[in-house]
Every structure is written in C-alpha cells, then in structure tokens.
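Residue numbers (this note's numbering), protein chains in the order written: chain P, 254 to 534; chain C, 8 to 312.
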Amino acid sequence: MTLVFLALLVWIAGWWINARLANGPKANTRAVGLLVPAIFGLTILIVWELLVRGLEVPLVILPAPSLIAERFASSLPILWADFSQTILKGALGGYVIGCGAAFLTAILVDRSDFLRRGLLPVGNFVAALPIVGTAPILVMWFGFDWQSKAAVVVVMVFFPMLVNTVAGLRETDQMQRDLMRTYAASYWQSLFKLRLPAALPFVFNGLKISTTLALIGAIVAEFFGSPTVGMGFRISTSVGQLALDMVWAEIVVAALAGSLFYGLMALLEKTLTFWHPSQRG
Amino acid sequence: MKTVLAVLTVVVTLIGIWYLACVPMNIKGVLDAAERAGEQVTPATARERRDASALGLVAQNSFAIPRVWSVERPRLPAPHQVATELWDTTVMKKITSKRSLIYHAQVTLSATLMGFAIGTGLGILLAVGIVHSRVMDMSVMPWAIVSQTIPIIALAPMIIVVLYSIGVQGLLPKAIIAAYLSFFPVVVGMVKGLRSPDHMQLDLMKTYFASQGQVFWKLRLPSSMPYLFASLKIGIAASLVGAIVGELPTGAVAGLGARLLAGSYYGQTVQIWSALFAAAILAAALVALLGLLEQVLLGRMGVKP
Numbered sequence: 254m255t256l257v258f259l260a261l262l263v264w265i266a267g268w269w270i271n272a273r274l275a276n277g278p279k280a281n282t283r284a285v286g287l288l289v290p291a292i293f294g295l296t297i298l299i300v301w302e303l304l305v306r307g308l309e310v311p312l313v314i315l316p317a318p319s320l321i322a323e324r325f326a327s328s329l330p331i332l333w334a335d336f337s338q339t340i341l342k343g344a345l346g347g348y349v350i351g352c353g354a355a356f357l358t359a360i361l362v363d364r365s366d367f368l369r370r371g372l373l374p375v376g377n378f379v380a381a382l383p384i385v386g387t388a389p390i391l392v393m394w395f396g397f398d399w400q401s402k403a404a405v406v407v408v409m410v411f412f413p414m415l416v417n418t419v420a421g422l423r424e425t426d427q428m429q430r431d432l433m434r435t436y437a438a439s440y441w442q443s444l445f446k447l448r449l450p451a452a453l454p455f456v457f458n459g460l461k462i463s464t465t466l467a468l469i470g471a472i473v474a475e476f477f478g479s480p481t482v483g484m485g486f487r488i489s490t491s492v493g494q495l496a497l498d499m500v501w502a503e504i505v506v507a508a509l510a511g512s513l514f515y516g517l518m519a520l521l522e523k524t525l526t527f528w529h530p531s532q533r534g
Numbered sequence: 008m009k010t011v012l013a014v015l016t017v018v019v020t021l022i023g024i025w026y027l028a029c030v031p032m033n034i035k036g037v038l039d040a041a042e043r044a045g046e047q048v049t050p051a052t053a054r055e056r057r058d059a060s061a062l063g064l065v066a067q068n069s070f071a072i073p074r075v076w077s078v079e080r081p082r083l084p085a086p087h088q089v090a091t092e093l094w095d096t097t098v099m100k101k102i103t104s105k106r107s108l109i110y111h112a113q114v115t116l117s118a119t120l121m122g123f124a125i126g127t128g129l130g131i132l133l134a135v136g137i138v139h140s141r142v143m144d145m146s147v148m149p150w151a152i153v154s155q156t157i158p159i160i161a162l163a164p165m166i167i168v169v170l171y172s173i174g175v176q177g178l179l180p181k182a183i184i185a186a187y188l189s190f191f192p193v194v195v196g197m198v199k200g201l202r203s204p205d206h207m208q209l210d211l212m213k214t215y216f217a218s219q220g221q222v223f224w225k226l227r228l229p230s231s232m233p234y235l236f237a238s239l240k241i242g243i244a245a246s247l248v249g250a251i252v253g254e255l256p257t258g259a260v261a262g263l264g265a266r267l268l269a270g271s272y273y274g275q276t277v278q279i280w281s282a283l284f285a286a287a288i289l290a291a292a293l294v295a296l297l298g299l300l301e302q303v304l305l306g307r308m309g310v311k312p
C-alpha cells in the first residue's frame, strides 16, 4: 500500500515541478521545452513501476518497466534479428521501392493534365482505404519471407506518396513557370531547377506519413504468416505464451525505430528545404 | 465533367490492367487443371511448367487464356468474380446468415463506431485540456506528436489478450484498439483547430469582456470545426483499420478481419478479395458520411465553400 501511496506522491511532485516550470519565467526557453515532457515521461514510468509493484499486478496483465528493460537488455540478439528482418528488410525495402515508384509515377502523371485529373481523386480515395487488408493476398503471392512484407509496404506507401508528390509538382505559379520559359529552359531544366525544389515540402510530407505506414504494414503483414523471426511474429507468439515482457520489449523497439525513422526524414527535410517559410521560423 | 471523364478513364484502365494481370497469374493453375483433365499441354509435366516463365506458358498455350478468368481458387480472381461474390454474399444471403458479408461488416462496423466515439470524445477532451492548461500542453503534447510516429498497431494483439485474461471480451477489446488509433489524430487536429483563432479575434473577445468559457464556446469551438472534421476523417479510417486488425490475433469468428484471416488459411482468394472490397466500401462510406456532415454543419455555420 505504501508503494501506491508513494506513486501518488511522485505523480503530484512531478506535476508540481512541471507546473512551476511551465508557468515560470523561463517557460519559453528550449531547455524547459525539452525538460517538461521528459519529466512527465519519467513520472509516468516511475508511477507505472510503483503501481505494478504496489498492487502486485500479474505479469500477464502489465509487466513493470524495470522488468521490460531487463528483458530488453537480456535478449538483444533476438531483438536485433527481429529488427533487421522486419524494419531493415521488410519496411525499409518496401519504403524505398514504394516511394521511389510513386515519385517517378508522379513525374510521369504530371506531364498529362488528363491523367492528373483522373488519378488524383482515385489516389486520394485509395489512400483512405484499409490497405493493410491486402496483406493476406500479398503473403500468398510472395511467400512468408520479407519480400511479401516489402510488397505490403509498397502498396501502403504508394498512394499517399503519389498524391503528395503530384500536389507538390503543382506548387509553382504561372509567373515562375513563365520566367523559366523566357529563359528558354527545357522541360527537364525547369523540372530540376524549379518544380522539383518547389515540390520538396510536399514530397517530404509524403515521406514522413509513409514512415509510420511502412512500419505498420511490415508488422501487420507478419500476423498473416512469417518465418520464425520478425517483430510481428515475435509479438504474436509471445502474446500466445503470455510473455508480455517480450511483447513490450518489441514495442519499445518499434517505438524507437518509428521515431528514429521519422526523425531522420524530418532532419533531411530540414537540410533540403531550409528555404521554405515553415523551416525558417 | 472533364474530371468525371478522367476518373472514369483511370478506373477503366485499372480494371483492364487487372484483367490482363489475371492471365500470367493464373495460367499455371489452369494448365495443371487442363493436364489432369487429359488435355494436351506444352510443356507436358507440372515440374517443367514450374520453372517456366508465366508469359512463355501463356504464349505456348493460348487455348487456355479464356479460362484464367473463371478459375475456382485463382491466385488473382478476376474483377467480375469478386463482384459476383460480393453480390452473392450481400444481397442474396440473409443478413443474419454467418456467410453474409453484411453480417460481418456490421460486426466490424459496430466495433469501429464504438471505438471511434470513445477515441474522439477523449481526444477532444484532452485537446481542450491542452489548450487551456500550459502544463498539460508542455507535458503531453510532445508525447502525443511522437506517438504518431509509432506503429501503435503492434499493441493490438497484446491489448486483446490482456483484456481477455481479465474477463473482457467481445466488442470492447476491438473498440479499444479502434479508439486508440483514432485518439491521437483527433488530439493533434483539435489542438490545432482550437488554436486557429488569431490574435485579433481573441483580442476582440477580450474587449467584449468575454469569460474563458464564452471564448471557448463562441470563438474557439466554431473555428476548430474544419480542423476537427479533417482529423475525424483520418480517425475513422484508422479506427476501421484498428477494428480489422483487432480481429486477427484472437481468431475471431465474425468480422471482416476474421473473413480475411479465414480466407488466407483456406486459400479462398475470392473471399479475401470480397472482404477487402467490403472493407474499402465501408471506409469510403464512413469518410463520405463525415464529409457530408461537415458540409451541412459548416454550411449552417455560414462557412463559404
């Protein structure tokens, strides 16, 4: 019972510190902006740990963070194998192929006004559909290994990326295109020097949306069949064995991979579109 | 009008590509069946055909081409096969029948809607809290944004099993996953929307001596509506995906996800495709419904299109 009481105390203390920081004079500095969510996250972890121990929650319902960390550290080789199977091969492979194909298709589509008019509504429509459902079909076609996961990812990221790139290629206004014309620029020159750079913010929007979709596709596709390695496989079998600490360790890996992947894209965006108003702020 | 024509062209082209793709995808199965029926097939044995390229087989056995669109268990069913299956399992079956897609869709839909309602309600509440409390804003908002980059769906099997072990089953576990998926888009969109009034408007409310409640009800909430609807559309699509994925790990017997899983176990490709299309139609209908609601509501609020 004391542990539960302690948890309550930690929660109040954490909230009090954050309230002081957030309403204090230095609230707008970058350090405080990072410190406050960090304290909040830490408070939640401590409260979680104390509550699980204090209320003696069984492992099959919710393992304590310390237990998860222990399991994480002790099964690094398994986690790494799963990571490279699902993220590096399945998700990343599909991501590169899908985004690349969508980008090239967008450039082709952009040359014809008729095609663009027709493809944009269809693309928008498809982007809202539950495409993960194609996973069983693609697993049937491409087998259980990572190729089928990559295929699911390709299908998932293709349309969001296509729609964004096509929208981006329309970003230049008439004046800018006319200027390129007065320079006697060829189609390729005006594509590379004017329209692609102008499309970059949209392209990166598509790339960032696709990072999460890629991970989701690769993990869910493994629920429909996989070799005996992979994050989705590990999660579904560990759940079956009620080894929830392993499940949580995989979720930590997925969370880290997801944030890292997104962060990388955001960083790339920052270096390549430094000129855009949204980045200059 | 031009757009309709263009969209129709693209759709027809896609269906054409689909029909064409059926030929190389299904040719091996057709030839195996033809060989069993005693017909002349080049190359003659299944082993030789296995390593041959699909297009080569098509060229050598052109008599088999018409059959690829009516295989019993095709690798890729033809569009009309899927359409027939959809028609048979929706209109021709009684709604209460276990084989009716409407029955399965309704199971998934109820989980989706329940989860969507929970997720949206909680999301809006949290967004209101975030806008009005600086502490919550600074503590919770970064995590809400980071959580969008995480494949939350990985949690789905665990949520189902954990809830099952404490005695909760049926609709609620799926609804919780659906709620979880629609929660974060709504929070992020709603916070953006509640913050969308600019300084001028907020200052005007101040000069009217409006209380915080009045500012909320008369300015912030109305101006957040376009943002809210944009994220509701994302949220309901995510909810549907959550409900479908939530049906996978438990071996559920009813629901579109269960149909997908059963189809992939027994190699019933036509069933998978029809379940997939049912899910797609459901998603499109839900999004369209929200779009309609948005138009009516924003129209009554006097927003010009």
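Using N, Cα and C, we set each Cβ at its ideal position, and we do this for glycine too.
Anticipated Cβ contact below 8 Å, A359(P) with V419(P), distance rounded
5 Å
Could you tell me which chain P residues have their CB closer than 7 Å to the CB of W25(C), listed as they occur along the chain?
In chain order: nothing, as chain P lies at least about 13 Å away.
Contacts around H206(C), its chain only, beta-carbon distance under 6 Å, and the 5 residues preceding and following it disregarded
Within the same chain, no residue comes within 6 Å of H206(C) by CB-CB distance, once the 5 residues on both sides are set aside.
Between G274(C) and A403(P), what straight-line distance do the alpha-carbon atoms span, to the nearest angstrom?
21 Å
If you draw a straight line from the alpha carbon of S107(C) to that of D95(C), how long is it in whole angstroms?
8 Å
Cβ neighbours of A186(C) in the same chain (closer than 6 Å, five flanking residues each side left out):
Taken in chain order, the residues that qualify are G122, I125, G126.
Using a Cβ cut-off of 7 Å, which residues of the segment 160-171 of chain C contact any Cβ in chain P, in chain order?
Under the 7 Å Cβ criterion, the segment 160-171 of chain C contributes I160, A161, L162, P164, M165, V168, V169.
Determine the contact status of S512(P) and V153(C), defining contact as a CB-CB distance below 7 Å.
A contact, by the Cβ cut-off of 7 Å.
Per-residue burial, D58(C) [other beta carbons within 10 Å of its own, 16 or more giving buried]
exposed
Selection from V260(C), I241(C), Y272(C) that minimises the alpha carbon distance to F378(P):
I241(C)
Between the Cα of P374(P) and the Cα atoms of L320(P), M393(P), N417(P), which residue gives the shortest distance?
N417(P)
Close beta carbons around L543(P), own chain, < 6 Å, minus the five adjacent residues each side:
Residue 543(P) is absent from the structure shown; chain P starts at 254 and stops at 534.
What three-state label does DSSP hand F476(P) in the structure shown?
Three-state DSSP puts F476(P) in coil, outside helix and strand.
Would a check of beta-carbon distances place P330(P) closer than 7 Å to chain C?
no
Short CB-CB distance (under 7 Å) between M8(C) and chain P
When Cβ-Cβ separations below 7 Å define contact, M8(C) makes no contact with chain P.
CB contact below 7 Å: S189(C) versus chain P
no
With respect to the alpha helix (DSSP H) encompassing W441(P), which residues constitute its N-terminal and C-terminal limits?
440-443
What's the C-alpha gap between V505(P) and G493(P)?
19 Å
I'd like to know if I243(C) contacts chain P, where contact means its C-beta is closer than 7 Å to some C-beta of that chain.
no
Residue ranges of each alpha helix (DSSP H) within the segment 136-175 of chain C, 4 or longer
141-154, 163-172
Just by C-beta distance, which residues in the segment 353-365 of chain P are closer than 8 Å to chain C?
none
For the alpha helix (DSSP H) containing N33(C), name the first residue and the last one.
9-43
State the DSSP-derived secondary structure class of G130(C), mapped to helix, strand or coil.
In the three-state reduction of the DSSP assignment, G130(C) falls in the helix class, which pools H, G and I.
Got a sec, what are the start and stop residues for the alpha helix (DSSP H) P86(C) sits in?
86-97
Where does K105(C) sit, in a helix, a strand or coil, going by DSSP?
coil
Just the chain P side, please: which residues come within less than 7 Å of T320(C) by C-beta, in chain order?
Outside the displayed span of chain C (8 to 312) sits residue 320(C), for which this structure offers no information.
Close Cβ partners of F476(P) (< 7 Å) along its chain, the five nearest in sequence each way excluded:
G485, S489
Which residues, in chain order, does the segment 287-309 of chain P contribute to contact with chain C at a C-beta distance below 8 Å?
V289, P290, I292, F293, G294
Using C-beta distances below 8 Å, list every residue in its chain close to G36(C), excluding the 5 sequence neighbours before and after it, in chain order.
V78, R80, P81, R82
Chain-ordered residues of the segment 385-398 of chain P with a beta carbon less than 9 Å from chain C:
V385, G386, T387, A388, P389, I390, V392, M393, W394
Counting only Cβ pairs nearer than 8 Å, list the residues of chain P close to S117(C).
Within chain P, no residue comes near S117(C); the closest Cβ sits about 16 Å away, beyond 8 Å.
With distance defined between alpha-carbon atoms, name the residue in F216(C), V98(C), F191(C) nearest to D149(C).
The sequence shown places Pro at residue 149(C), not Asp. Here the closest residue by C-alpha is F191(C).
Who are the neighbours of I34(C) on chain A, taking C-beta pairs under 8 Å?
This model lacks chain A altogether; the protein chains it does include are P and C.
Through-space distance from P86(C) to G7(C), alpha-carbon basis
Chain C is shown only over 8 to 312; residue 7(C) falls outside these bounds and no answer can be derived.
Pull up the CB-CB distance for T339(P) and A496(P), whole angstroms please, since I reckon it's below 8 Å.
Not quite, the Cβ-Cβ distance comes to about 18 Å (not below 8 Å), so this is no contact.
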